[in-house]
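Participant: Just so we're aligned: 286 in the working numbering is position 148 of the sequence shown, and the numbers increase by one with no gaps anywhere. All C-beta atoms in this analysis are idealised placements derived from N, C-alpha and C, irrespective of residue type, glycine included. All of these numbers come straight from a predicted model, not from anything done at the bench. Before anything else, here's the structure in question.
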Amino acid sequence: MARINREQAAAASHPAGHAIVLAGPGTGKTSTLVARHSFLRSRGRDSLGIMVVTFTQKAAEELRTRLGAAAPKQAFVGTFHSICVRLLRRFRTEAGLRPNFRILDQQAQWRLLLDMGVRWAADDGDLTDIIGRWKDSLIDPAEAADQAASVGDGNAVMRMAAEHYRSYERELARRGDLDFADLIARAWKLVGESSTVGEFISSRITDVLVDEFQDVNRLQVEFLQALSRHGASIWAVADDDQALYGWRGGDVGLTVNFADRFPGARMYRLVENYRCDPAILAAANNLIAHNRTRVRKALRAARPHHPDNVVRVRGFRTEQEEATWIATDVARRMASGTRPGDICVLFRTASATPVIQQALEAARIPVALAGTANFWEMPEVTFLVDLLSEIEAGQPGPAAARSKAAREIVISMAGFRPPQAAAAAGRAVAESVPPGSASERAALWSDTAEAAAAMAKRMPSADAFRRYVAAMAARTVQDGGNAVTLSTIHSAKGLEWGHVYIAAAEAAMLPHHRSTDVEEERRLLYVALTRSKGAVDISHARSRFGRGQNPSPFLSEMMDAAVWVGLEDKPADLPAGRNRPTTPVGDGKGTGRLLANGIRVYRKRGGKSLIPPDEES
């Protein structure tokens with residue numbers, strides 16, 4: 139095995155049976171998985187009998203590269219879906235599939251639905267996505283219909299979706315084809331019901347190594363259990379503290395309670411972090427300890443603390459001031475020799491993108507977008523543009539027809555221009571989330587609508603706003619390593635930068651006001667903190683999208699209450715400090731205070747706010 143630490147070696151050399159390896163960020167999970175593969179081969183396992191499963195094609199390609207010749211082309215190394223396709227093609231007769239069965243992508247699904255005569259309004263969400271979420275949750279058309287009928291007054295959109303789901307499944311079966319969401323379910327059924335396939339698994343697959351297990355859904359675990367019933371040992375690497383996809387079916391409980399599904403499983407922990415400074419880890423450990431659905435553990439740093447690598451928290455009056463400060467600080471770092479590609483600005487939803495992007499571009503700083511669509515081309519922005527035009531014209535049109543709220547605003551505010559109408563129009567759009575949207579898309583929709591409305595308020599007319607949106611949408615954004623990355627936290631998972639900014643850390647944004655899972659929201663901030671190899675700057679605004687905001691409650695959790703020791707403007711509703719020693723920061727202005735755990739807070743002399751504007755105040 140390659141050179142690895144004691145924790146990694148223990149996990150990689152697990153003797154026999156099932157195992158779950160809880161690997162915190164920056165602890166070398168991929169190296170441990172590769173070492174496990176090497177260990178198994180050193181004990182006589184055939185490479186062709188070691189199945190390696192992950193979630194994305196990119197991750198699968200990286201694993202194949204890392205494994206090299208140890209994973210020949212014939213070996214089962216790939217995503218859940220690609221491995222299931224191989225099984226279905228190899229045993230298509232047993233699966234009841236025609237010789238040249240097709241796998242429909244999303245475009246092909248829509249063509250099939252149109253051929254069936256289905257007419258679906260885009261305003262009601264993505265029908266193929268709705269059907270896919272039902273399939274991933276093992277909900278058949280009859281159950282989907284029952285669910286739709288039981289929601290409140292009965293959601294008409296979801297009832298119609300369930301009817302289309304039933305017809306769609308019949309037509310798919312008639313044609314003998316599958317869609318992407320069918321692959322795992324059909325392979326699971328094949329492994330569980332076919333004696334021929336069962337014998338193949340028993341004789342061929344001895345071990346299954348699973349990457350990123352914390353993101354699995356129920357169906358994927360059912361598939362792994364089916365493999366295990368034919369003798370395969372499941373060895374999975376996961377981090378319950380980085381489970382971010384509950385909104386699309388991921389279930390962190392499957393990781394925390396791994397042994398319930400895989401009896402006799404042994405648990406290993408990787409907690410030595412090779413990425414972050416001890417100060418960053420102190421903040422991250424403090425924060426995540428507040429979650430209950432997790433296995434208790436605390437990361438420890440593999441390197442000593444550097445005095446510059448601290449967590450700093452700043453408050454600003456508006457998102458514009460916040461963005462300007464970020465751009466100014468980025469420019470300062472670049473002037474001191476930091477590569478732009480080594481800097482990242484993270485945020486909960488893409489609604490924070492435009493203001494920060496504009497501030498960076500105004501400072502002539504190259505920008506690359508990651509994990510976020512072009513803000514100006516999003517359908518909710520187009521909806522707002524059209525709605526403001528109809529309001530100004532005083533004539534209801536297609537935008538007004540999209541929802542009751544939109545129609546009412548066109549009638550009640552007829553003739554008003556964006557400075558007067560934008561806020562109300564933004565709320566109308568925010569309330570018109572397509573009914574079938576996943577929770578994460580619903581959150582982005584409402585935030586984007588309010589962010590666009592805040593910008594529209596500064597436009598003299600609806601036509602001026604339309605031209606502005608078109609001009610911004612046409613601008614190109616630099617990509618590659620020579621630009622500052624702007625990214626949602628979800629898309630930053632697994633990546634790292636030398637310096638990280640976390641913007642919009644407010645109570646309505648992080649945790650997001652639309653989320654029903656505060657623990658997953660807390661995990662998002664945990665992931666954001668642990669992306670940094672250096673320092674972290676967290677910021678919040680007292681006003682965003684024209685609305686008053688409060689700092690995220692996660693900030694006080696992260697600081698473990700000790701941050702308030704000695705601060706004369708500590709709000710009464712925050713927990714008292716734990717009397718940890720603090721050391722004044724020599725920042726030249728006397729406004730910062732560095733805590734023993736490496737968290738630095740900025741405050742305004744005599745101010746009463748939680749974390750007032752930066753040291754320039």
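Considering only residues of the same chain and omitting the five flanking positions on each side of PHE396, which have a CB-CB separation below 6 Å?
Facilitator: These residues qualify, in order along the chain: ILE158, ALA403.
Participant: Check each candidate in LEU252, ALA198, PHE361 and name the one with the smallest Cα separation from CYS222.
Facilitator: Checking every option, the nearest Cα to that of CYS222 belongs to PHE361.
Participant: Can you give, in chain order, each stretch of the alpha helix (DSSP H) that sits fully within the stretch 232–265 and has at least 4 residues?
Facilitator: Counting only runs of 4 or more, we get 244–253.
Participant: To the nearest angstrom, how far is the alpha carbon of GLU657 from that of ALA645?
Facilitator: Cα to Cα, the separation comes out at about 14 Å.
Participant: Given 8 Å as the limit, is there contact between the stretch 663–680 and the stretch 498–512, that is, 3 or more CB pairs closer than that?
Facilitator: These segments do not touch.
Participant: Rounding to the nearest angstrom, what Cα-Cα distance links ARG545 and GLN285 in this structure?
Facilitator: Approximately 30 Å between the Cα atoms of the pair.
Participant: For the alpha helix (DSSP H) that contains CYS222, what are its first and last residues?
Facilitator: From DSSP, the alpha helix (DSSP H) with CYS222 extends over 218–228.
Participant: Taking the alpha-carbon positions, what's the PHE554 to ARG502 distance?
Facilitator: The alpha-carbon atoms of PHE554 and ARG502 are separated by roughly 36 Å.
Participant: Assign HIS405 to buried or exposed, taking buried as 16 or more other Cβ atoms, counted over all protein chains shown, within 10 Å of its Cβ.
Facilitator: According to the sequence as given, residue 405 is Met; it is not His. MET405 should be labelled exposed.
Participant: Does DSSP put GLU658 in a helix, in a strand, or in coil?
Facilitator: In this structure, GLU658 counts as helix in the three-state DSSP scheme.
Participant: Is the distance from the Cβ of ARG230 to the Cβ of PHE239 below 8 Å?
Facilitator: Contact: yes.
Participant: How is the beta strand (DSSP E) around ALA506 delimited, first residue to last?
Facilitator: ALA506 -> beta strand (DSSP E) spans 505–508.
Participant: Our contact map puts ILE640 next to ILE676 with C-beta atoms below 8 Å; I'd like the distance itself, whole angstroms only.
Facilitator: Right, the Cβ-Cβ distance comes to about 5 Å (below 8 Å), so this counts as a contact.
Participant: Here's the rule I'm using: 16 or more other beta-carbon atoms within 10 Å means buried, otherwise exposed. How should ARG308 be labelled?
Facilitator: Exposed is the call here.
Participant: Mind checking which residues open and close the alpha helix (DSSP H) that includes VAL523?
Facilitator: Looking at the DSSP string, the run of the alpha helix (DSSP H) that includes VAL523 is 517–531.
Participant: Is the distance from the Cβ of ALA612 to the Cβ of LEU693 below 8 Å?
Facilitator: Against a cut-off of 8 Å, the Cβ pair of LEU693 and ALA612 comes out as no contact.
Participant: In the stretch 408–446, which residue ranges form an unbroken alpha helix (DSSP H) of at least 4 residues, counting only runs that do not cross its ends?
Facilitator: With a minimum length of 4 residues, the continuous alpha helix (DSSP H) runs that stay inside the stretch 408–446 are 416–426.
Participant: Going residue by residue through the stretch 597–684, where are the continuous alpha helix (DSSP H) segments of at least 4 residues, counting only ones entirely within it?
Facilitator: Taking only runs of at least 4 residues, the alpha helix (DSSP H) segments lying wholly in the stretch 597–684 are 600–612, 627–630, 656–667.
Participant: Tell me which residue opens and which closes the beta strand (DSSP E) that GLY330 is part of.
Facilitator: Where GLY330 is concerned, there is no enclosing beta strand (DSSP E), although the alpha helix (DSSP H) it sits in stretches over 320–331.
Participant: Are there 16 or more other CB atoms within 10 angstroms of the CB of PRO492, so buried, or fewer, so exposed?
Facilitator: Buried: at least 16 other Cβ atoms inside 10 Å.
Participant: Hey, quick one: how far does the beta strand (DSSP E) through THR192 stretch, first residue to last?
Facilitator: Note, THR192: beta strand (DSSP E), 188–192.
Participant: What is the rounded straight-line gap between the Cα of MET697 and the Cα of LEU425?
Facilitator: Going from the Cα of MET697 to the Cα of LEU425 covers about 8 Å.
Participant: With DSSP as the reference, please indicate the residues paired to THR456 in a beta bridge.
Facilitator: For THR456, which the question treats as bridged, DSSP gives the partners SER681.
Participant: Output needed for ALA150: all residues of its chain with C-beta closer than 7 Å, excluding positions within five of it in sequence on either side, in chain order.
Facilitator: Cβ neighbours of ALA150 beyond the five flanking positions: MET139, ILE142, THR170, ALA173, ARG174, PHE177.
Participant: Identify every residue that forms a DSSP beta bridge with VAL346.
Facilitator: Its beta-bridge partners are MET189, ILE372.
Participant: One question on the structure: do ILE494 and ALA469 come within less than 8 Å of each other, judged by their Cβ atoms?
Facilitator: No, they are not a contact pair.
Participant: For PHE513, which of helix, strand or coil comes out of DSSP?
Facilitator: Looking at PHE513 - three-state DSSP - the assignment turns out to be helix.
Participant: Please classify VAL276 as buried or exposed, where buried requires at least 16 other C-beta atoms within 10 Å of its C-beta.
Facilitator: Checking the sequence, you will find Leu at residue 276 rather than Val. Exposed, by the Cβ-count rule.
Participant: LEU251 to ALA311, Cα distance in whole Å?
Facilitator: Each residue's alpha carbon lies about 14 Å from the other.
Participant: How should ASN688 be labelled, buried or exposed, when 16 other C-beta atoms within 10 angstroms of its C-beta is the threshold for buried?
Facilitator: ASN688 comes out exposed.
Participant: If we ignore side chains and look at the alpha-carbon of each, how far apart do ASP601 and ALA590 end up?
Facilitator: The alpha-carbon atoms of ASP601 and ALA590 are separated by roughly 15 Å.
Participant: Please state whether the Cβ-Cβ distance between ALA154 and SER366 is less than 8 Å.
Facilitator: Going by C-beta atoms, ALA154 is not nearer than 8 Å to SER366.
Participant: Among the residues of its own chain, which have a CB less than 7 Å from the CB of ASP378, if the five just before and after it don't count?
Facilitator: Closer than 7 Å at Cβ, skipping near neighbours: LEU160, GLN352, VAL390, THR393, VAL394, ARG432, VAL433.
Participant: Return the chain-ordered list of same chain residues with a C-beta closer than 6 Å to the C-beta of ILE343, the five sequence neighbours on each side being excluded.
Facilitator: For ILE343, where only same-chain residues beyond five positions count, the Cβ hits under 6 Å are GLY187, MET189, ALA370.
Participant: Do you know whose CA, among ASP524, GLN380, PHE485, GLY330, lies nearest LEU507's CA?
Facilitator: Ranking ASP524, GLN380, PHE485, GLY330 by Cα distance to LEU507 puts PHE485 first.
Participant: Is it true that the CB of SER584 sits closer than 8 Å to the CB of ARG652?
Facilitator: Yes.
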